[in-house]
Structure formats: structure tokens, C-alpha cells
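Following full-length UniProt numbering, the numbering of the sequence shown begins with 1 at its first residue and continues without gaps. Even glycine gets a Cβ: it sits at the ideal position worked out from N, Cα and C. First the structure, in the form of C-alpha cells, and then the observations on it.
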Amino acid sequence: MIFPRFQNQEGGAEHKRLYPKVFKKTSTQKLPFKTESVKEFSFLELEMATNGFDTYKQVGQGGYGKVYKGVLADGTIVAIKRAHSGSLQGQNEFFTEIELLSRLHHRNLVPLVGYCFEQGEQMLVYEFMPNGSVGNLLSGNFKRPASFSMRMSIALGSAKGILYLHTEADPPIIHRDIKANNILLDFKFTAKVSDFGISKLAPARDCEGAESHISTIVKGTPVCRIL
């Protein structure tokens with residue numbers, strides 16, 4: 001069964017004018033960098049995984065777009081983050097997140113399964129985190145109270161993920177948006193740092209010991225650039 005496509009075309013013409021090389025006539029668009037460790041999904045695959053992006057499959061929403069729970073053809077349960085159509089900031093965050101997460105692997109980072117970059121669509125596919133975020137857990141509306149030992153385990157896991165980014169990743173990465181809603185929890189309540197859209201590479205020291213700044217494709221919004 002093929003589901004109808006739901007697309008908001010607002011802003012699409014301006015987006016194509018600003019990024020003419022990205023919007024080719026072919027159905028599949030190319031990333032501005034190479035990655036082989038994550039899968040490239042078609043729009044149809046993700047459309048079918050979410051029953052046509054059914055409202056009942058939606059599990060979250062933010063400035064970037066909407067998040068859906070999906071089931072891939074092989075039965076894998078995933079979270080699919082779909083950007084608002086025509087979002088310039090969304091495209092920047094999309095590229096950054098793929099570039100970083102495709103080469104970062106740690107127990108306390110949310111795993112990126114793949115992406116879709118087809119006909120103006122920008123979607124990121126992650127392992128599904130059934131226990132939501134730390135923000136949900138602390139809201140008081142969670143299905144069960146968090147014990148002291150659980151809170152300590154989550155805090156320690158979050159710290160380990162951030163420590164990996166700052167000291168073990170090569171080159172180190174500054175997340176720049178650590179908050180309760182960006183720490184996700186898997187089925188064992190293991191903390192997973194997520195949302196790398198405005199992250200950047202940390203300043204590196206050259207052979208003489210002086211700092212030489214290295215950044216990713218983007219540095220986020222103008223406000224984030226001055227932080």
C-alpha cells in the first residue's frame with residue numbers, strides 16, 4: 001500500500017533559490033560530504049514505516065520539525081525526525097547531525113540509523129528511545145517515580161557521554177545544547193545524549209601550542225554563534 005505524500009511547500013521556492021546545487025532534478029539529493037556508516041532511506045520507506053506520517057505516530061515536536069515512531073520493513077522500531085519543509089536552519093542542523101553522528105559511537109550517545117534526503121525532505125532516523133527524555137522523567141508526569149539510584153545512573157551516563165565528546169572524540173566536539181530534553185532514555189533507562197544540530201568541533205592546538213579554531217559545517221543560529 002502506498003500512502004499519499006504530505007508536504008508543506010511554504011518556503012520551498014526560496015530554499016531552492018538559495019541552494020540550487022542541492023535541489024537537483026533527480027529524486028535523490030546528495031550530501032555535501034561522504035558517509036558510509038549510516039543508511040540512506042527513501043521517502044517511501046519512511047512514509048510506510050509511519051503509516052503515511054500518521055498523527056497517531058507522532059511522539060514529539062520542536063522548532064526543527066516533528067518526531068514519529070516508525071517500524072522499518074525488517075521490524076526495527078525507530079524514531080524519525082522530519083524537518084519542516086523549507087527550513088534553512090533545519091538543513092544546516094540536518095547536515096551537522098549526520099556528519100557528526102555517523103562517526104561517533106558511544107554507549108551514551110543516541111545512535112543514528114540513517115537519513116532521508118530526497119525531493120526536499122530532510123529526515124533523520126534514530127534508534128527508538130522508549131522511555132522518552134530526562135525532561136519527561138523530571139516533569140512529574142512519568143509513569144513511575146525515579147529512584148535515587150536511577151537518577152544517579154542517568155546523571156553518570158549523561159556525564160560519560162559529554163566527557164566522550166569533549167575529550168575522547170577525535171577531534172573533540174562541543175555540544176552547545178545540553179538540557180534535560182536532549183538526554184534520552186532507552187528501555188533500561190540508559191542515558192543517551194541527543195540533538196547535535198548546533199554542535200561544533202572544539203578549538204584544536206597547532207604544533208606551536210596555539211589554538212586554531214576548527215568548526216563543523218554550521219554553528220547554529222546567530223544567537224548561538226556568540227555563545
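The criterion of a C-beta distance shorter than 8 Å is not satisfied by Y64 and K57.
By alpha-carbon distance to G60, the top candidate from E45, K39 and M129 is M129. When only Cα atoms are considered, P172 and I198 end up about 14 Å apart. Taking the CA atoms as reference points, E121 sits about 32 Å from L137. Note that the C-beta distance between L100 and K192 is not below 8 Å. Where K160 is concerned, the enclosing alpha helix (DSSP H) starts and stops at F148 to L163. N181 and S139 have their C-alpha atoms spaced approximately 10 Å apart.
Between the alpha carbons of L46 and I174 lies a gap of roughly 30 Å. In chain order, T35, S37 and V38 place their CB closer than 6 Å to the CB of S102, counting only its own chain and leaving out the 5 sequence neighbours on each side. Looking only at F117, D177 and D170, the smallest Cα-Cα distance to H106 is reached by D170.
Excluding sequence positions up to five before and after L112, its CB lies within less than 8 Å of the CB of V38, E97, I98, L101, S102, L124, V125 and Y126, all in the same chain and listed in chain order.
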